[in-house]
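Note sheet for the following structure.
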Amino acid sequence: MARLSIRVDLGPDHRLGPGKVRLLEAIAEHGSIAAGARALGMSYRRAWMLVEAMNRGFGAALVESQAGGRAGGGARLSDLGAEVVAAYRAVERAAEEAAAPALHRLAVRCPEGRSNTET
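Below, the structure is given as structure tokens:
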């Protein structure tokens, strides 16, 4: 089945796509950058670097971290982080809806896609 993958170019060095959004969602779900990274099969270092890049790109924290220690650490999405995820998913839904007929036409012309669309 053909599907659309959306990457939003917000600036010359600032992009937001499905991988970064999945990371934000995983952090929100698991309560830490490390656990979110593990859930996606990503190293903590890679996840941290992506979060830092997103924070810089948006000029504010999308993820708020609390250092570990006795009380334990963790991370959660800031209000801006939640807003960014929601806006990206809204763009994705709108694009998928608008592109559905054309994607279907492409898929039926592709041998790999044809078997998934003939149901």
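Numbering (full-length UniProt numbering), first residue to last: 1 to 119. Every residue gets a Cβ at the ideal spot worked out from N, C-alpha and C, and that includes glycine.
Between the Cα of residue 35 and the Cα atoms of 61, 76, 8, which residue gives the shortest distance? Your numbering for residue 35 matches position 35 in the sequence shown. Looking at the Cα atoms, 76 is the closest of the given residues.
If we ignore side chains and look at the alpha-carbon of each, how far apart do residue 37 and residue 9 end up? Here residue 37 refers to the residue found at position 37 when the sequence shown is read from its first residue. Here residue 9 refers to the residue found at position 9 when the sequence shown is read from its first residue. Computed Cα separation, rounded: 23 Å.
Residue 11 versus 52, 32, 72, 56, residue with shortest Cα-Cα distance: Taking the first residue of the sequence shown as position 1, residue 11 is located at position 11. Of the listed residues, the one whose Cα sits closest to residue 11 is 56.
Tell me which same chain residues have a C-beta within less than 8 Å of the C-beta of residue 80, skipping the five on either side of it? Mapped onto the sequence shown, residue 80 falls at position 80. Counting only residues of its own chain and dropping the five nearest sequence neighbours on each side, residue 80 has a CB closer than 8 Å to the CB of 58, 60, 61, 62.
Taking residue 39 as part of the alpha helix (DSSP H), name the residues at either end of that continuous run. Counting from 1 along the sequence shown, the entry for residue 39 is found at position 39. 33 to 39 is the span of the alpha helix (DSSP H), which, as asked, contains residue 39.
So which of 72, 102, 17, 23 has the shortest CA-CA distance to residue 39? The residue you call residue 39 lines up with position 39 of the sequence shown. Measuring C-alpha to C-alpha distances from residue 39 to each of 72, 102, 17, 23 identifies 23 as the nearest.
Pull up the distance between the alpha-carbon of residue 124 and that of residue 6, whole angstroms please. Beyond the ends of the chain as shown, which are 1 and 119, falls residue 124; an answer cannot be given.
Please state if the CB of residue 26 and the CB of residue 107 are separated by a distance shorter than 8 Å. Translated into the one-based positions of the sequence shown, residue 107 becomes position 107. Translated into the one-based positions of the sequence shown, residue 26 becomes position 26. Residue 26 is positioned such that its CB atom lies no closer than 8 Å to that of residue 107.
Could you check whether residue 43 and residue 73 sit closer than 8 Å to each other, using their CB atoms as the reference points? Locating residue 73 in the sequence shown gives position 73, where the first residue counts as 1. Locating residue 43 in the sequence shown gives position 43, where the first residue counts as 1. Contact: no.
Please list, in chain order, all residues of the same chain as residue 78 whose beta carbon is under 8 Å from its beta carbon, the five residues on each side excluded. Your numbering for residue 78 matches position 78 in the sequence shown. Within the same chain, residue 78 has close Cβ partners 60, 61, 62, 63, 64.
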